[in-house]
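First comes the structure, then the notes that go with it.
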Amino acid sequence: MKIKEIAKKNKADLIKMLGEKQTALRDFRFSVSGSNVRNVKEGKFAKKDIARILTLLNKTVNKKA
966 MKIKEIAKKN KADLIKMLGE KQTALRDFRF SVSGSNVRNV KEGKFAKKDI ARILTLLNKT
1026 VNKKA
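If you're matching positions, the sequence shown starts at 966 in my numbering and goes up one per residue.
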């Protein structure tokens, strides 16, 4: 997901998306340990999306403070 797409979302949507991505990453890690994964790059993309979301959330908190 691109940063421009994420930036268009409001804070509530970002928090919801963050939870979904973290759950997806956790499920990915469990499936890797069980060797049920075909796309091993999926974890890398999930981590980057989580970092992008957290960056935008931190920016909005720092703007208001």
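Note that beta-carbon positions come from the ideal geometry of N, C-alpha and C, so glycine has one too.
Span separating the alpha-carbon of residue i from that of residue j
{"i": "residue 1000", "j": "residue 989", "result": "16 Å"}
{"i": "residue 1028", "j": "residue 1017", "result": "17 Å"}
{"i": "residue 978", "j": "residue 1013", "result": "17 Å"}
{"i": "residue 1023", "j": "residue 973", "result": "15 Å"}
{"i": "residue 966", "j": "residue 995", "result": "23 Å"}
Proximal residues to residue i (C-beta, below 8 Å), its chain only, five neighbours per side dropped
{"i": "residue 997", "result": "1005, 1008"}
{"i": "residue 1015", "result": "983, 986, 987, 990"}
{"i": "residue 1002", "result": "993, 996"}
Nonlocal neighbours in the same chain, by C-beta distance under 7 Å from residue i, ignoring five residues either side
{"i": "residue 1011", "result": "986, 989, 990, 993"}
Cβ separation of residue i and residue j, assumed to be a contact under 8 Å, to the nearest whole Å
{"i": "residue 976", "j": "residue 1025", "result": "6 Å"}
{"i": "residue 961", "j": "residue 1019", "result": "Residue 961 lies beyond the stretch modelled for the chain, which goes from 966 to 1030, so this question has no answer here."}
Contacting residues, own chain, Cβ-Cβ under 6 Å from residue i (five flanking each side not counted)
{"i": "residue 968", "result": "1017"}
> Going along the chain, which unbroken runs of the alpha helix (DSSP H) with 4 or more residues stay wholly within the segment 975-1020?
Replying inline: 976-998
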